[in-house]
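For the record, the sequence lines run as chains A and B.
Position 104 of the first sequence, counted from 1, bears residue number 104 in this note's numbering, the numbering being contiguous throughout.
Position 91 of the second sequence, counted from 1, bears residue number 271 in this note's numbering, the numbering being contiguous throughout.
All residues carry an ideal CB built from backbone N, CA and C; glycine is no exception.
None of the values given here were measured: they were computed from a predicted structure.
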Amino acid sequence: MTGHLYQFAASSHEAGGDIFSSLGINGPMLLFQAVAFVILIVLLSKYVYPILIRAVDERQKNIEAGQRAAAEAEEKAARAQEEIAQMLKEARAEAKDIVATAKDEAAAMIADSEKKAKARAEKIVRDAHEQIEKDVIAARKALHNDTIELVALATEKIVNKSFADSVDKKVIATAVKEEA
Amino acid sequence: MAYNRLPRRKIAAYFADELLAGHDVTRQLAAYLVETKRVREARLIVRDIEAALADRGVLLADVVSSRDLAADTKDAITSFLKKATGAHDVKLRTSVNANLLGGVLIETPSERLDASLRHRLNQLRATKI
Chain A
1 MTGHLYQFAA SSHEAGGDIF SSLGINGPML LFQAVAFVIL IVLLSKYVYP ILIRAVDERQ
61 KNIEAGQRAA AEAEEKAARA QEEIAQMLKE ARAEAKDIVA TAKDEAAAMI ADSEKKAKAR
121 AEKIVRDAHE QIEKDVIAAR KALHNDTIEL VALATEKIVN KSFADSVDKK VIATAVKEEA
Chain B
181 MAYNRLPRRK IAAYFADELL AGHDVTRQLA AYLVETKRVR EARLIVRDIE AALADRGVLL
241 ADVVSSRDLA ADTKDAITSF LKKATGAHDV KLRTSVNANL LGGVLIETPS ERLDASLRHR
301 LNQLRATKI
């Protein structure tokens, strides 16, 4: 390759011009373009780049903020997950306690109900016994009264029909003796 | 003419004495009651006279039976009354009431003895509960 460059330089020298002319470069034009380029750079640096940089910075900030927010959100989600797990654990424990308490209360209520039912049944039986006893007493009274009435009526009938004088005499004699 | 209103006891005592003396005082008593306008008290005065007689040893007893009493039954009643009241003379005023069924009911001015079957049956009925 070096060979080629030497060959090119030699041919240019042989043509009788300088190297810039050989390359087709116009010096003043180059200078002008360089100045224009510098001015362009200065203008861009002064008016465009700050805006772009600001926008980029802002975008960067936003991205970082979004990343932080995402991280925070992730952290919060993790914390929430932990809290939920903890709450679930507590809720399960509480539910277990509630169930145990409910079972105890239910058992107590059942025992109480059984006790009340037993007492009520005993009272019903006792009342029934008392009622039966009253009924028996009432029946005995009724029987007693009916018997008395029957005896009285039968005595009246028999005495009316067949009470002999001799018997009456004995009755009177007995009564007088008893009173004497 | 105005009369002093005598107490029944005094009237009874007077007529009892008169009866014991053997006087028939029926008309006299009736006249007195009419004159003193005390006819309404006749029953009470007669009862008082009977009581006065009883005090003097003469007992008048009402005897009610379900049938006529035999002589020995009357004697038994008389003896019983003499013994029970201390009267030296007992007169029975007998009557029949078939409702008594049997036995006898004896009433004196101060006592009453119901030994009738009716009374016994009533006593039996009274034991109803």
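Cα-Cα separation, residue i to residue j
{"i": "D269(B)", "j": "L150(A)", "result": "43 Å"}
{"i": "R120(A)", "j": "A95(A)", "result": "36 Å"}
{"i": "I53(A)", "j": "N62(A)", "result": "14 Å"}
{"i": "L285(B)", "j": "E133(A)", "result": "43 Å"}
{"i": "E179(A)", "j": "R236(B)", "result": "23 Å"}
{"i": "G16(A)", "j": "G24(A)", "result": "For G16(A), the pLDDT reaches just 47, beneath the cut-off of 50, and the residue's location in the model is therefore unreliable, leaving the point undetermined."}
{"i": "A70(A)", "j": "Q33(A)", "result": "49 Å"}
{"i": "T147(A)", "j": "S296(B)", "result": "21 Å"}
{"i": "D135(A)", "j": "D127(A)", "result": "12 Å"}
{"i": "S45(A)", "j": "I39(A)", "result": "10 Å"}
{"i": "G202(B)", "j": "A196(B)", "result": "10 Å"}
{"i": "L224(B)", "j": "L233(B)", "result": "14 Å"}
{"i": "L31(A)", "j": "I41(A)", "result": "15 Å"}
Chain B contact for residue i (CB, 9 Å cutoff)
{"i": "E156(A)", "result": "yes"}
{"i": "D165(A)", "result": "yes"}
{"i": "V176(A)", "result": "yes"}
{"i": "A152(A)", "result": "yes"}
{"i": "M168(A)", "result": "The sequence as given places Asp at residue 168(A); Met does not occur at that position. Closer than 9 Å: yes."}
{"i": "K141(A)", "result": "yes"}
{"i": "Q159(A)", "result": "Before going further, note that residue 159(A) is Val rather than Gln in the sequence given. Yes, its Cβ sits closer than 9 Å to a Cβ of chain B."}
{"i": "E149(A)", "result": "yes"}
{"i": "V136(A)", "result": "no"}
Any C-beta of chain A under 9 Å from that of residue i
{"i": "A211(B)", "result": "no"}
{"i": "L240(B)", "result": "no"}
{"i": "M181(B)", "result": "With a pLDDT of 49 at M181(B), under the threshold of 50, the modelled position of that residue is not reliable, and no figure is offered here."}
{"i": "L293(B)", "result": "yes"}
{"i": "D252(B)", "result": "yes"}
{"i": "K308(B)", "result": "yes"}
Of the residues the options, the one placed nearest residue i, counting alpha carbons only
{"i": "A231(B)", "options": "A251(B), L301(B), A295(B), E287(B)", "result": "E287(B)"}
{"i": "S246(B)", "options": "T174(A), V176(A), K169(A)", "result": "K169(A)"}
{"i": "A192(B)", "options": "H203(B), F260(B), T216(B), D228(B)", "result": "D228(B)"}
{"i": "L280(B)", "options": "L213(B), Q208(B), D294(B)", "result": "D294(B)"}
{"i": "G282(B)", "options": "K157(A), I98(A), L31(A), D104(A)", "result": "K157(A)"}
Residue i, enclosing alpha helix (DSSP H) - first and last residue
{"i": "G283(B)", "result": "G283(B) -> not in any alpha helix (DSSP H); beta strand (DSSP E) instead, spanning 283 to 287."}
{"i": "K308(B)", "result": "Element bounds for K308(B): n/a, residue is neither H nor E."}
{"i": "D228(B)", "result": "222 to 235"}
{"i": "R188(B)", "result": "188 to 200"}
{"i": "T206(B)", "result": "206 to 215"}
{"i": "S162(A)", "result": "49 to 162"}
Element boundaries [beta strand (DSSP E), containing residue i]
{"i": "A241(B)", "result": "238 to 245"}
Q: Determine contact between the region 224 to 240 of chain B and the region 265 to 283 of chain B, defined as no fewer than three beta-carbon pairs at a distance below 8 Å.
A: These segments touch.
(Q) Check whether the region 134 to 153 of chain A and the region 181 to 198 of chain B are in contact - that is, three or more C-beta pairs closer than 8 Å. (A) Contact between the region 134 to 153 of chain A and the region 181 to 198 of chain B is absent: fewer than three C-beta pairs spanning the two stretches fall below 8 Å.
(Q) Any contact between the region 275 to 283 of chain B and the region 97 to 113 of chain A? By contact I mean 3 or more CB pairs, one from each, below 8 Å. (A) Cβ pair count under 8 Å is below three, so no.
Q | the region 158 to 174 of chain A contacting the region 245 to 260 of chain B, beta-carbon criterion three pairs below 8 Å | A | With a cut-off of 8 Å, the region 245 to 260 of chain B and the region 158 to 174 of chain A count as touching, because enough Cβ pairs lie within range.
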